[in-house]
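Below: one structure, written as structure tokens.
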Amino acid sequence: MIQPVAERTPAGTSYLDLGQGQPVVLIHGVGLNKEMWGGQIVGLANDYRVIAYDMLGHGQSRVPSADTPLEGYAEQLAELLDHLQVAQACVIGFSMGGLVARAFALNYPQRLAALVVLNSVFNRTPEQSAGVIARAAQAFEQGPDANVDAALERWFSREYKAANPAQVAAIRQILASNDPQGYHTTYSLFATQDMYRETDLGSIQVPTLVATGELDAGSTPAMARQLATRIPGAQCVVLAEQRHMMPVEAPREVNKMLLDFLRQARTLTESAKGIVA
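Numbering (the UniProt record's numbering), first residue to last: 1 to 277.
Structure (structure tokens):
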């Protein structure tokens, strides 16, 4: 595959766009950027048009104002799709990207063909909320790399870190080099918006997959199951022995899950429209 070259919208969103077919959008997590999706781009671009972009305040995209709400992040995706002349897309969001994907589903339902929420958060316990709010405050006071070591401990298995030190070091550098305001604005939303419009989740009418790793301490299987029960017909998958960064640590397993779901989603959608005889 030819190495893709990032482009930029007039509104200031940096993105990659490659492959052909049904559009699939990939949204990264807090402190990361579109480069985290390398394994998925390779795995999906033979069958789909894959669009990966930098969230507001991350990578090469513009920094949001400090009071930007979650709707502003959903609006960024809508503007990107307008720029690319994409009417509808399958949206896959990881961690904070899962919150953005949910906000997009609720605010732009006509633009959504299918929804995937990976390793994301829902209905945190008071203890879980207190922990993430404390980490957000620490990052605000000390900078984006304040709790990077603890994050990497949660995100990766010891075996993966030992076998892939260069890749883990690159992710550490990405985390440390974030714009402080963009990081804080985004992290604050991640820490507080897990129940964003939760009473409206039943209005989501597209095929939906909610998935996480068995050992994901911050985006737990219990969260994934609870979220899936709120969205009509949603599937829930828990990948055995996987931690938070399973798209990076286990790309083949994650890609198989995504490809299976995307095929099923397309069949369901075409059947509902009467396209399948």
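Ideal Cβ positions, reconstructed from N, Cα and C, are used throughout, including at glycine.
Residue nearest to ALA66 within the set VAL210, THR186, ALA170, GLN242 is THR186 (criterion: CA-CA distance). Following the DSSP letters along the chain, one finds ASP17 inside the beta strand (DSSP E) bounded by residues 14-18. Within the segment 104-184, the runs of beta strand (DSSP E) at least 3 residues long that lie entirely inside it are, in chain order, 112-118. Cα atoms of LEU80 and ALA211: separation of roughly 25 Å, rounded to the nearest angstrom.
For ILE51, the enclosing beta strand (DSSP E) begins and ends at 49-53. Scanning its chain for C-beta atoms nearer than 8 Å, with the 5 sequence neighbours on each side dropped, one finds around ARG62 the residues ALA11, GLY12, THR13, LEU56, in chain order. LEU115 sits away from ILE27, with the two beta carbons spaced by 9 Å or more. In the displayed model, GLN264 falls within a helix according to three-state DSSP.
Beta-bridge partners of LEU239 (DSSP): GLY213.
As computed with DSSP, PHE94 is found in a beta bridge with LEU118. THR267 sits exposed, since fewer than 16 C-beta atoms from the chains shown fall within 10 Å of its C-beta. With contacts defined as CB atoms closer than 9 Å, GLY93 and VAL86 fail to qualify as a contacting pair. Excluding residues up to 5 positions away in sequence, ALA146, ASN147 lie with their Cβ nearer than 7 Å to the Cβ of GLN138 in the same chain. By the criterion of at least three beta-carbon pairs nearer than 8 Å, the segment 221-234 is not in contact with the segment 245-253. Apart from the 5 residues on each side of it in sequence, GLU7 sits with its Cβ closer than 8 Å to the Cβ of SER14, TYR15, LEU16, ASP17 in its chain, given in chain order.
Per the coordinates, the alpha-carbon of ILE171 lies some 29 Å from the alpha-carbon of ARG225.
ASP216 is a Cβ neighbour of GLN242, given a cutoff of 9 Å. DSSP places ALA89 in the strand class (E or B) of the three-state scheme. DSSP places VAL254 in the helix class (H, G or I) of the three-state scheme. Where PRO23 is concerned, the enclosing beta strand (DSSP E) starts and stops at 23-27. Within its own chain, the residues whose Cβ lies closer than 7 Å to the Cβ of ASN178, once the five positions on either side in sequence are excluded, are GLY31, HIS58, PRO144, listed in chain order. A distance below 9 Å separates the beta carbons of ASP200 and LEU106. Counting every other CB atom within 10 Å of its CB across the protein chains shown gives ALA52 a total of 16 or more, marking it as buried. The C-alpha of ALA265 is placed about 26 Å away from the C-alpha of LEU70. For ILE41, the CB contacts under 6 Å within the same chain, skipping 5 residues up- and downstream, are VAL50 in chain order. Rounded to whole angstroms, the separation of the alpha carbons of GLY72 and PHE122 is 20 Å. When C-alpha distances from PRO232 are compared across ALA134, GLY21, PRO207, the shortest belongs to PRO207. ARG230 sits close to GLY202, with the two beta carbons spaced by under 9 Å. By the Cβ neighbour-count rule, PRO23 is buried, with 16 or more other Cβ atoms within 10 Å of its own.
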